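To get mature numbering (1 follows the signal peptide of the UniProt record, and there is no 0), take the position in the sequence shown, counting from 1, and add 652.
Virtual Cβ for every residue (Gly too), placed ideally from N, Cα, C.
Since we're looking at a predicted model, the values are computed, not measured.
See structure below.
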Amino acid sequence: HAKRLGGDHIEIFKPTMRTARTDHLLVEGELRRALERDEIQLVYQPVVRLEDRTIAGFEALLRWNHSRYGRRPPAEFISIAEETGLIVDFGQFALERAARQLSLWQRRLPVDPPLFMTVNVSAKQFVRQDLVQDVKSVISRALVAHNSLKLEITESVVMENPEHAERILEKLRDLGVGLALDDFGTGHSSLAYLQRFPFDTLKIDKSFVRPQARGQRSALLRSIIQMGKDLELDIVAEGAETDSDAVELFHLGCPYAQGYAFGEPMNVEQAERLLGIATETSAVSSASKIVFG
Ligand code: C2E
Ligand code: MG
Ligand code: MG
Ligand code: MG
């Protein structure tokens, strides 16, 4: 797990306290200055090809590296960032930083197919007029392989305004970015309906991989995976926490998985070590395939 510095002060972020409102304002004020203070960072979690357990790509995830409270997860600041509109700047930061990192890694590790990187897009970003233009300029500056930069958009964002979503997604696809449907299964729409949108990847929400009651897990997963395949989508299962999760997903026909079984979200140095392109080791590893377990 991410290091929890100053764990005794974590409660300041919890809105359930009596002083919730003051805390909220405090966090909001600090969050406004977080970008300029260089406290907003990205961590990267490997997405693994289950067939041979090699790294196919990474998901870029935001962290707030607070000066006193250490590295904070999105659950503690994304909703405030959404409410205040700060998420638009954070999202743009994530997009630019992830694209730059992907371009570096692709040059240092030219594998076929190329490494991919996914970036989450929030509801607020998605409804803005300039998302397409922003993505276009990021892509044109970062020189990444076609479709290897992917945007993750949740089912709920799409369903909020399906007509608008369809238009935007088609424009994004035409730019040559990949499109992943994130957290699939948490909303109330069907895959058959979502077929009209130009997604190339389906991310199965972790609640299906680690359900409260494990009884129905296989049957549910099998049918989601089968439907994803029928729709010719790449399929990534989130939340593969154990080796047996990974083995089961593979046997159910799921091609990719992401989860603690393969690695938690990590910083650039850790990711480069995993990829075998760490700079401390003078000889760059010739291994283009990183095999887990
Ligand atoms: P998400 O996009 O569904 O990301 C996957 C989340 O699952 C990540 O949480 C990841 O750390 C966590 N996870 C990975 N493997 C496992 C596992 O094996 N077990 C369990 N229980 N969890 C696992 P994280 O990093 O805390 O991010 C939470 C959410 O915050 C993300 O969910 C995403 O919705 C949002 N988020 C993160 N970064 C960004 C960003 O740059 N922009 C926007 N708009 N949202 C972001
Ligand atoms: Mg995601
Ligand atoms: Mg997800
Ligand atoms: Mg999720």
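Who pairs with residue i in a beta bridge, going by DSSP?
| i | result |
| --- | --- |
| G709 | V699 and F768 |
| I791 | Beta-bridge pairing links I791 to no other residue. |
| K855 | V888 |
| I692 | W716 |
| L831 | L803 |
| G722 | H718 |
| A923 | None, per the DSSP bridge assignment. |
Kindly give me the distance between the Cβ atoms of residue i and residue j, rounded to whole angstroms, as I take these residues to be in contact under 8 angstroms.
| i | j | result |
| --- | --- | --- |
| L801 | I791 | 7 angstroms |
| A913 | A923 | That pair is no contact at about 16 angstroms. |
| T838 | E807 | 7 angstroms |
| N716 | A746 | In the sequence under discussion, the amino acid at residue 716 is Trp, which differs from the Asn named in the question. Not quite, the Cβ-Cβ distance comes to about 12 angstroms (not below 8 angstroms), so this is no contact. |
| V771 | L824 | 12 angstroms between Cβ atoms; not a contact. |
| A892 | L901 | 6 angstroms |
In chain order, what residues of the same chain lie with their CB nearer than 8 angstroms to the CB of residue i, ignoring the 5 residues before and after it?
| i | result |
| --- | --- |
| F778 | I805, V809, A817 and I820 |
| L926 | P698, I707, G915, M918 and I942 |
| R689 | S719 |
| Q753 | L694, Y696, A712, M769 and V920 |
Could you pull out every residue in the same chain whose Cβ sits closer than 7 angstroms to the Cβ of residue i, ignoring the five residues on either side in sequence?
| i | result |
| --- | --- |
| I877 | I887, L904, G905 and C906 |
| L872 | F860 |
| K776 | E734, G737, I739 and V740 |
Comparing the C-beta of residue i with each C-beta of chain C, is any distance below 9 angstroms?
| i | result |
| --- | --- |
| T894 | You won't find chain C in this structure, because it holds only one protein chain. |
Once you ignore the five residues that flank residue i on each side, which residues in its own chain have a CB closer than 6 angstroms to its CB?
| i | result |
| --- | --- |
| A654 | Annotation note: pLDDT 40 at A654 (below 50); position unreliable, no value reported. |
Return the CA-CA distance between residue i and residue j, expressed in angstroms with no decimal places.
| i | j | result |
| --- | --- | --- |
| R759 | E822 | 28 angstroms |
| D764 | G709 | 12 angstroms |
| A794 | D882 | 33 angstroms |
| V829 | V773 | 13 angstroms |
| R848 | T931 | 44 angstroms |
| A844 | L831 | 17 angstroms |
| K850 | T894 | Position check: residue 850 holds Pro in this sequence, whereas Lys was assumed. P850 and T894: Cα-Cα distance of roughly 32 angstroms. |
| F944 | R705 | 5 angstroms |
| S896 | I856 | 17 angstroms |
For a test of your reading of the model: does the CB of residue i fall under 8 angstroms from any non-hydrogen atom of ligand 6? Yes or no.
| i | result |
| --- | --- |
| E735 | Among the ligands present in this structure, namely ligand 1, ligand 2, ligand 3 and ligand 4, ligand 6 is not found. |
With distances taken from each beta carbon to the nearest heavy atom of ligand 3, which residues come in below 7 angstroms, in chain order? E804, D834, D835, K855, D857 and E890
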